[in-house]
Structures are given as C-alpha cells and as structure tokens.
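When we follow my numbering, the leftmost residue of the sequence shown carries the number 20, and every step to the right adds one. C-beta: ideal position from N, C-alpha, C; glycine also. The structure under discussion appears below in the form of structure tokens.
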Amino acid sequence: MTHAPTPFPEGFLWGASTAAHQIEGNNTNSDWWRKEHSGTSHVQEPSLDAADSYHRWPEDMDLLAELGFTDYRFSIEWARIEPARGHFSRAELAHYRRMVDGALARGLRPMVTLHHFTVPQWFEDLGGWTAEGAVELFTRYVEATAPVIAEGVEYVCTINEPNMIAVMAGAAKAGNVGFPPAGLPTPDEETTRAIVEVHHAAVRAVRGINPDIKVGWTVANQVYQALPGAEEVTAAYRHPREDVFIEAARGDDWIGVQSYTRTRIGPEGPIPAPADAERTLTQWEYYPAAVGHALRHTAEVVGDVPLIVTENGIATDDDERRLAYLRGALAEVAAALHDGLDIRGYLHWSALDNYEWGSFAPTFGLISYDPVTFERTAKPSAVWLGALGRTRELPGGE
Ligand code: IFM
C-alpha cells in the first residue's frame, strides 16, 4: 500500500538511543564489568573504554543536533551514582545533570532511562531483583536521581526491556549468563513479579519528584507470528515473554516499543527463519516490517497509552542495508500513524556503534568511532535519518 508522506504529529520525538554501559566505558562498579572479567564463555570481549562517551558526550550530542535530531535517549548509571550501598555520588549526579543541560542547550530533548541492564555489583551480590529489599533499594536510587531529572526532562524510562531481564534471569538459572538471541528462553517468573513491582514503585517515585514527568518503561518486542493453526501456542508463548510487561504499563504515561526482527511460531514452538533469509550481524532475520507489528500488538494489549518507538535498528556493516531497513521501518510507522495509532516518537537504536553485551562486532550505530582515537564519523544513514528531523515528514509506505 502507498501512503502520501505523513507529517510528524506536533511534538513528535525524533532521535536516537544509547545506554550508559554500552558507550560510556569503564563502568567498573557494575555487575557487567565483573562478568566481563570473570572468564564467562559468552563474553567474547570486555567493554573497557567502549566509545568513551562518558567523556565525549558533548561531541555525541553536537553531532546528533547537527544531523537534525531533536531528541536523545540515554541512560544514567546506577553503579556510578551509588557505587557502594547507601553512598550516592554527588559528582556523578552532577555529571548526568550536565548531560541533561548539555542536551537542552543543543536543542535535544533528553529522554532519561534509569536502568538499562547494569546494576551495581553490591546489588547483584545481595541477590539482585529478587532479593529482599530490592524494591526499596531501587526506589531509593530513583529518589536520589532527582537532581538529574526533576527539571527539563519530559520523558523518563524506569527500566529498559524488563522482559529481557526476566529472560536473562531464566537463562542464568539454566546455566547461561548473558544477553540471549531472539526467540527467547523461558523468563524467570520470580524475576518477572519482582521487576513489575519495582517498576510500579519507580513510577510512583518519579511522579513524586515531578508529577509533570511522563514516566513509562520500554518492552522488547519479538513480533511473534503464528503459523496457521498455531495461534493458541503463539499466544501462550508470547504472554510471559512480552504481554505481561505490556499489561503492567497500563497506568503509565507512555510505553516504549522496541523491535528488530520477528519470530515465527509453529505448533511445536518457535521455528528458525528460512535458510535463505537475509540475516544481520546478530543473526536475526532482516525484517524491517517488525516495528509496525510491534506497535500494533502493543496498542492492542496496552489500550489507551501513548506509544514511542524507543529502539529499532539493525546490526550491519553495510550502511546501504541500514538505509533500506530504515525506509521499510519508517513506512510501517507512517502507516500505523495513518491508521490512527497514538505514536509519539521514533528513536533509533543506536546513536553510536557500541558494546553489544559481550562483543563490539554487531554494529547498530548511525555513528561509528575509531577505537583508538575515538573520533566519530556519521554514517550516510545518520545524515538521511537526521534530515527527516528537519523536514518533519515521515516517508510514505510502498
Ligand atoms: O543493544 C541492545 C540494547 O541494549 C537493548 N535492546 C536491544 C539492543 C540490540 O540487541
């Protein structure tokens, strides 16, 4: 179907996303830093300096603003802010406040994620999300972030991809530590219950800091597609991996939709992509239509809560394929807007090439960097996507 170019609705967020541990470098008090140096087999290489964005965030924000983006989603790091239990670093809070101010000064609206996979080592040692007191400990951290988020931050995400946290916990109990591929292992139910409770407490804490902040969380959507006759199997497979987390967002101000690929389900469960399907560097099927399905499914489950695409992209070293993926994905967003879905923004994953939980090889970035000099280079896809922020038009579908 072809649609005329769709203008962004008023205030539509147009940006790119990152996460602290994946770009900052030297996140030495985090659980992941320890994993990376423990000889765990799935960690191919440690994050070390990553993109050194801890020091180079001004360059990153300059580039994004120059390219035409109006929004930047980044996470602040609990392991830096509370490196020892109960000790909050004023210096790190001031660091993240400078980032918020730096974004605003460049015309970038900051969306702040409070937790993106990494926790302080001391929290992990206590037992993590299912430990006694986890809700109170995370809530206390959220309250401590007031100097960062109280002013000038319209959107706050409590927890990134809670469903992946539950899946990783499930995988860890089964002996596999790490960030799993699409087509997911069984989530740990205890972690699911805990993380939903933590989220609801965090939402209250953020509203306590400033009731005008729009607070929500971002759910990884695997676009489960039922093969004929497998509708019930698919629904049962999807519910604990996705829908339970979307349902938990019903009282929120928005929900983040994150999608990359699809997983097809037959009567026996997930089936691999056809042998001749194009695959990205993460081995996921190249499937730009994913975001459209993810938006529509989320809307169906969550009801009347605004949607924001908070992650969408492709790991590739061929930027032409990234451009093609983007064209396909944005046509889906445009079609969903055209059909009346309440979509408030599109934030691409990722602004920068980054540490993909065990390896730097899968490059998701619009911007690459030299690992020795850290010099940044915007890829053609960054120029193309940023320019749409200026024209304020989404391309039509094909
Ligand atoms: O890099 C990750 C990110 O941390 C969470 N969402 C999926 C991305 C790509 O795997």
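### Touching by the beta-carbon criterion (3+ pairs, under 8 Å), the region 226-242 and the region 174-189
yes
### Query
Can you tell me where the beta strand (DSSP E) with Trp236 in it begins and where it stops?
Where Trp236 is concerned, the enclosing beta strand (DSSP E) stretches over Lys233 to Asn240.
### Query
Just to confirm, are Leu32 and Leu366 a CB contact at a threshold of 8 Å?
For Leu32 and Leu366, yes; Cβs fall inside 8 Å.
### Query
Going by the beta-carbon positions, is the gap between Ala213 and Trp273 smaller than 8 Å?
no
### Query
Beta-carbon separation of Gly384 and Phe88 under 8 Å?
no
### Message
Once the 5 residues before and after Glu29 are set aside, which same chain residues still bring their CB inside 7 Å of it?
### Response
Excluding sequence neighbours, Glu29 sits near nothing in its chain.
#### Entry: Ala309 burial status per 10 Å Cβ neighbour count (16 or more: buried)
buried
### Task
Flag Asn182 as yes when its Cβ comes closer than 7 Å to any non-hydrogen atom of the ligand IFM, and as no otherwise.
The ligand IFM has no heavy atom closer than 7 Å to the beta-carbon of Asn182.
### Query
Using the beta-carbon count (16 or more within 10 Å), is Leu246 buried or exposed?
exposed
### Query
To the nearest whole angstrom, what separates the beta carbons of Val242 and Thr282, a pair I think is in contact under 8 Å?
7 Å
### Query
For Leu82, which residues from the same chain have a beta carbon less than 7 Å from its beta carbon, with the 5 sequence-adjacent residues on both sides left out?
Ile386, Arg395 and Ala397
### Task
Would you check if the region 91-98 and the region 133-141 touch, i.e. whether three or more CB-CB distances between them fall below 8 Å?
yes
#### Entry: Where Ser278 sits in the DSSP three-state scheme
Three-state DSSP puts Ser278 in a strand.
### Message
Beta-carbon within less than 6 Å of Gly285's beta-carbon, same chain only, minus the 5 sequence neighbours each way: which residues are those?
### Response
Leu246 and Ala249
### Query
Which residue's Cα is closest to the Cα of Gly121: Leu356, Phe264, His74 and Ala350?
His74
### Query
Tell me which same chain residues have a C-beta within less than 8 Å of the C-beta of Val154, skipping the five on either side of it?
Ala213, Glu216, Val217 and Ala220
### Message
With a threshold of 7 Å (Cβ to nearest heavy atom), would Asn45 be considered close to the ligand IFM?
### Response
Asn45 Cβ: outside cutoff for every heavy atom of the ligand IFM.
### Task
Run the proximity test for Asn419: is its beta-carbon closer than 7 Å to any non-hydrogen atom belonging to the ligand IFM?
For residue 419 there is no data in the structure shown, the boundaries of the chain being 20 and 417.
### Query
In the DSSP assignment, what are the bridge partners of Asn331?
Asn331 has Ser278 as its beta-bridge partners, per DSSP.
### Message
Using beta carbons (cut-off 8 Å, strictly below), is Phe88 in contact with chain D?
### Response
Note that chain D does not occur in the displayed structure, where there is just one protein chain.
### Task
Can you tell me the Cβ-Cβ gap for Asn373 and Ala69, rounded? I've got them flagged as a contact below 8 Å.
7 Å
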